[in-house]
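Asker: Mind having a look at this structure? Questions to follow.
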Amino acid sequence: MKKFLLLILIIPLISFSQNNNYSYLALGDSYTIGESVKESERWPVQLSSSLKNKLEEPIIIAKSGWTTDQLIDTLDKIKFNKNFDFVSLLIGVNNQYRGRSIEKFKQDFVLLLNKSIEYTNRIKERVIVISIPDWGVTPFAKGRDRAVITKEINAFNKVIYDECIKNNITFFNVTEISRKALNDNSLIAEDGLHPSKKMYKQWVKIIKPYFKNF
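105 is the number that our numbering gives to position 74 of the sequence shown; each next residue is one higher, with no gaps.
Now the structure itself:
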């Protein structure tokens, strides 16, 4: 009987010690929180589900409408009690939408990128950055100058890309995927603006191979 009880106590300890799943923090705005899709359909959740033996469910800090400064203000109020194994950052569309200057965006993005690096205990290889999707191709943009929207999105994404290159941060371009929605309504959620589960799944498809390195 004593041996049996000992096994009961040891098995949970072994199971816990063999849980090597990585922790994951996802930072962003409506694209990260998954506006107009189910929680299970958000791209960070789809990513963790597809890597369920490697990646824990994400801790998501994101809200629809957030600009870079709003994400910064929120993060400044949060004190994490641990570092994260991975951090993703996708931010900037609302800066563009509200006509914020690209110079201020760059300042804020650099700050957010540095925060992301700090959250991984300064292991840059564990930070991934996602480009801003082009909402100019969506039904929501009807009646607006789509060419101007595309041009501005490209300019903001160039800032993001350049900072990633400068800091040796992994960058994923989902903007070109988002532009497929011009001819494929199934890639857009019911609100006519945000990505659908199907589009997010395509994002995950290009991001997932990155985790094979860990």
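Just so you know, even glycine gets a beta-carbon here, dropped at the ideal spot from N, CA and C. Being a predicted model, the structure only gives us computed values, none of them experimental.
What are the boundary residues of the beta strand (DSSP E) that residue 118 is part of?
Answerer: Counting along the chain, the beta strand (DSSP E) containing residue 118 begins and ends at 117-121.
Asker: Which class does residue 160 belong to by DSSP, given the choice of helix, strand or coil?
Answerer: If DSSP states are grouped into helix, strand and coil, residue 160 belongs with the strands.
Asker: Excluding five sequence neighbours on each side, which residues of the same chain lie with their C-beta closer than 7 Å to the C-beta of residue 139?
Answerer: Contacts found: 99, 100, 103.
Asker: Alpha carbon to alpha carbon, how far is residue 74 from residue 88?
Answerer: So the two alpha carbons sit approximately 11 Å from each other.
Asker: Please report the distance separating the alpha-carbon of residue 220 from that of residue 227.
Answerer: If I take the Cα positions, the gap works out to 4 Å.
Asker: Name the residue from 68, 151, 198, 159 whose alpha carbon lies nearest to the alpha carbon of residue 120.
Answerer: Nearest option by C-alpha distance: 159.
Asker: In the DSSP assignment, find the beta strand (DSSP E) that holds residue 201 and state where it starts and stops.
Answerer: Start and end: 201-203.
Asker: Given this structure, state the Cα-to-Cα distance separating residue 115 from residue 54, to the nearest angstrom.
Answerer: Spanning the two alpha carbons is a distance of roughly 5 Å.
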